[in-house]
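In what follows, a structure is listed as structure tokens, so that the remarks can point back to it.
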Amino acid sequence: MAWDFSTEPEFQKKLDWMRDFVRAEIFPLEVLDLDWPTLLRAIAPLQEEVRAQELWAAHLDPELGGQGYGQVKLGLMQEILGASPYGPLVFGCQAPDSGNAEILAAVGTDEQRRRWLDPLLAGEMYSAFALTEPGNAGADPTNLTTTATWDGEQWTLNGHKWFISNASTADFMIVVAVTDPDADRHRRASQFIIPIDATGLEVVRDIGSIENPRPRDNTYGSHCEVRLRDVKVGQEAMLGGRGEGFVVAQIRLGPGRIHHCMRWIGQACRAFDMMCERATYRSAHGSVLADKQTVRNWIADSAAEIQALRLMTLHAAWRIDEEGTSNARKDIALIKFFGARILHDVIDRAVQVHGSLGYSADLPLEFMYRAARAARLYDGPDEVHRDSVARQYLKAYSPPPQQVPSEHVPTRRAAAIERFADLLAEQP
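In terms of the numbering used here, the sequence shown is residues 1106 to 1533.
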């Protein structure tokens, strides 16, 4: 029986280097409020250091410039990188580019890989993934209304996309559109690669949100409204086969949720560190907060929840590595909604321990708190994942005969008396 919690010494050295590098070189960039071009210039030398450490785009196979790491190693890396919003970007594994790269690598043609994947991996291009729409619930993407029609020579795309991450800084986007409206609900859509400057493609605006109520144009981390009006592309723009839009999307969703959860652990750990530090010096009612039972309870609960999420997520990653994404669906859904709750709760406690300082913008907690709310929506709302988990568990159960509970004590006692009648007869 194999049961191992250890990390190979050589890989542990890489993790240790990453942890020091993120704190020393990436954390300082967070407070500068850089626009996209300036941010790219700032991180360029850092990206070269990452390449020198052979940690660039580690999610991809070596022939594509990555390291071919499995999900467990990637998960351990993402926990460190997730502590900063710029961490994944510096290491070439930021969403949605990492997922788009995985799709291009898996189903892209040679020409699509040359034109889009190679510069994406080199950090020369950035991308967006256009799936969700304002008029349709993102939890049910089979209801898409963006269309792509074929006239024998080219495809024409029309539609309205919503909350498209990083669209304002992207060089191209992958658009999911309905090509076969009468097909099975999971075979209606296809994916297309659209250059950001394509005629008819308009990035309307950066949408204000709880995370960023007044977004500044041309900054990293945008969520945009996008219009497609008679956008013309050839057959070479289709990514994967016709009607395979949802099948292709699954390539990026399972591993992407592992990375989300591990990054959330990184953020939760950062909030945890701030909470514990605050408890050592802030005094109230005659003693420091570290002496207050309530605060110690918060610290203990947070430590236990972070560790539980870490083990759950790494186990899900291990199952993907060993058995494939489809066999890990239940584990992936579990960590998605559990991780979102843990992230919020740990940050919330850290804010409470800091009082007005935590509520102010003088600490990163207020931004982390606002950003954490989106975790319950990303990659499907929590309710969908909880329902999926419950349905999968319920498949293993069926009603008992005559609807008498399997653990019904009187019924079990009667059966046991009958079974052990001889033994009981000998009892004095």
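Built from N, CA and C at the ideal position, the CB exists for glycine as well.
- Spatial neighbours of G1175 in its own chain (CB-CB distance under 6 Å, excluding positions within 5 residues in sequence) are listed in chain order as D1426.
- DSSP links N1323 through a beta bridge to no other residue.
- For N1248, the secondary structure class from DSSP, reduced to helix, strand or coil, is helix.
- With a cut-off of 8 Å on Cβ pairs, the region 1442-1455 is in contact with the region 1359-1370, counting three or more such pairs.
- When only Cα atoms are considered, A1162 and K1441 end up about 23 Å apart.
- Taken through DSSP and simplified to helix, strand or coil, M1230 comes out as coil.
- Residue pairing by DSSP puts G1264 in a beta bridge opposite L1333.
- Within the region 1109-1182, the complete alpha helix (DSSP H) runs of at least 4 residues fall at 1114-1126 and 1141-1157.
- Comparing C-alpha distances from D1436 to each of P1360, P1300 and R1375 shows the shortest one belongs to P1360.
- If you look at Q1296, you'll find it in the beta strand (DSSP E) that goes A1294 to P1300.
- In this structure, the alpha-carbon of P1190 lies about 8 Å from that of E1135.
- Distance from the CA of D1450 to the CA of Q1457, rounded to the nearest whole angstrom, comes to 11 Å.
- Taking 7 Å as the cut-off, the Cβ atoms of P1318 and D1311 do not count as close.
- In this structure, the beta-carbon distance from C1329 to A1272 falls below 7 Å.
- Contact between the region 1280-1288 and the region 1245-1253 is present, with at least three C-beta pairs closer than 8 Å.
- For L1529, same chain residues with a beta-carbon under 8 Å away, outside a window of 5 residues either side, are I1522 in chain order.
- The C-alpha of G1180 is placed about 16 Å away from the C-alpha of K1118.
- No residue range can be given for L1482, since it is assigned to no alpha helix (DSSP H) and is classified by DSSP as neither H nor E.
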